[in-house]
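Q:
In full-length UniProt numbering, the protein residues as written are 1 to 148.
(1) Is the CB-CB distance between residue 65 and residue 98 below 8 Å?
(2) Tell me whether residue 98 sits in a helix, a strand or coil according to DSSP, three-state version.
(3) Considering just the uninterrupted stretch of the alpha helix (DSSP H) at residue 83, what are its terminal residues?
(4) Using only alpha-carbon positions, find the residue among 80, 122 and 129 that is nearest to residue 59.
(5) Among residues of its own chain, excluding the 5 on either side of residue 88, which ones have a beta-carbon nearer than 7 Å to its beta-carbon?
(6) Specify the secondary structure class of residue 127 as computed by DSSP and reduced to three states.
(7) If you draw a straight line from the alpha carbon of residue 54 to that of residue 137, how long is it in whole angstroms?
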């Protein structure tokens, strides 16, 4: 994981995944390929947010959203992207997004993103849970445990 420090981000690796969910749940084939960096849909339908207004608009217009907070220099973020793409492709009811904390620092501060990657689940625009880390099995379990 990559650790955020103050207004900048340390480009260091941290090894303690944390799983939390505000509704009561707790718990922790990789590739270096990354998803597209534009706001257009990727082949796997993960949209990358470029502005705070765009982020807020998607949250308010979708019922269920999972956001991967990432940075271009964060290797664990890049390594988990193929799985995130797969989860997105399998889901019909959830919008999957990425948000680069270096480009969207206001959003990162709003949701207290301190370690990368952090995954945040939103239901009707409200934060309902977070998963911090890059453990593939725990991420799959966390996504499947999100309320419908």
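In this text, a Cβ means the ideal position worked out from N, Cα and C, and glycines have one as well.
A: So, to answer that:
(1) Counted from its first residue, the chain shown places residue 65 at position 65. Counted from its first residue, the chain shown places residue 98 at position 98. No, the Cβ-Cβ distance between residue 65 and residue 98 is not below 8 Å.
(2) Stepping through the chain shown from its first residue, residue 98 is reached at position 98. The answer is strand: DSSP assigns residue 98 an E or B state.
(3) Your numbering for residue 83 matches position 83 in the chain shown. Taken as a continuous stretch (DSSP letters only), the alpha helix (DSSP H) holding residue 83 covers 75–90.
(4) On the chain shown, residue 59 is found 59 positions in, with the first residue counted as 1. For residue 59, the nearest C-alpha among the options comes from 122.
(5) Working through the chain shown from its first residue, we reach residue 88 at position 88. Once the five neighbours on either side are set aside, the close Cβ partners of residue 88 are 44, 45, 46 and 96.
(6) The count along the chain shown starts at 1 and reaches residue 127 at position 127. Strand at residue 127.
(7) Position 54 of the chain shown holds residue 54. Position 137 of the chain shown holds residue 137. If I take the Cα positions, the gap works out to 30 Å.
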